[in-house]
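Worksheet: the structure to be examined is printed underneath.
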């Protein structure tokens with residue numbers, strides 16, 4: 197497997213990234229594989245040298261993050277893996293259950309870390325633009341996520 201720097205950082209990632217959207221449960225998409233069915237696919241990726249895995253809080257309503265954390269925990273140490281997750285989509289009811297407000301970002305990162313079973317993510321991505329939230333608020337909240345040690349890098353997907 198070839199490894200490259202992630203963008204203009206010193207973090208090394210496999211040239212291939214395994215997207216985890218198809219793993220979790222089929223509660224809203226019948227093509228999603230459960231954890232047992234996903235394991236041989238993730239194992240083959242790891243054995244092929246993949247160290248970079250991408251998920252999102254919204255994939256299978258959080259079940260993808262749970263599966264990602266458990267499967268990677270069986271196969272790699274935390275230092276060997278690069279994990280990306282995303283924020284924006286509705287995850288809780290109410291007016292603040294989605295978007296890129298400070299309130300949502302700070303609660304969403306904690307919920308993602310709990311589901312992943314990790315202390316931090318390597319990449320925290322905004323899943324889309326939020327016209328309803330001032331960009332300054334979003335950027336300050338994301339900066340605070342990094343300063344709190346909950347994410348290493350920020351990305352817009």
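Residue numbers (the working numbering): 197 to 353. Ideal Cβ positions, reconstructed from N, Cα and C, are used throughout, including at glycine.
The three-state secondary structure of residue 200, taken from DSSP, is strand. Assignment of residue 260 by DSSP, reduced to helix, strand and coil, places it in the helix class. Closest in alpha carbon position to residue 326, among 197, 295 and 229, is 295.
According to the DSSP assignment, residue 281 belongs to the beta strand (DSSP E) that extends over 278–283. CA-to-CA, the gap between residue 220 and residue 266 works out to about 11 Å. Distance from the CA of residue 301 to the CA of residue 336, rounded to the nearest whole angstrom, comes to 10 Å. Sequence-distant partners of residue 260 (beyond 5 residues in either direction) whose C-beta falls short of 6 Å from its own C-beta, in its chain, are 216, 219, 220 and 251. Between residue 316 and residue 345, the CB-CB gap stays under 7 Å. For residue 321, the closest alpha carbon among the candidates 271, 249 and 289 is that of 249. Judged by DSSP in its simplified three-state form, residue 348 adopts strand. Residue pairing by DSSP leaves residue 331 without any beta bridge partner.
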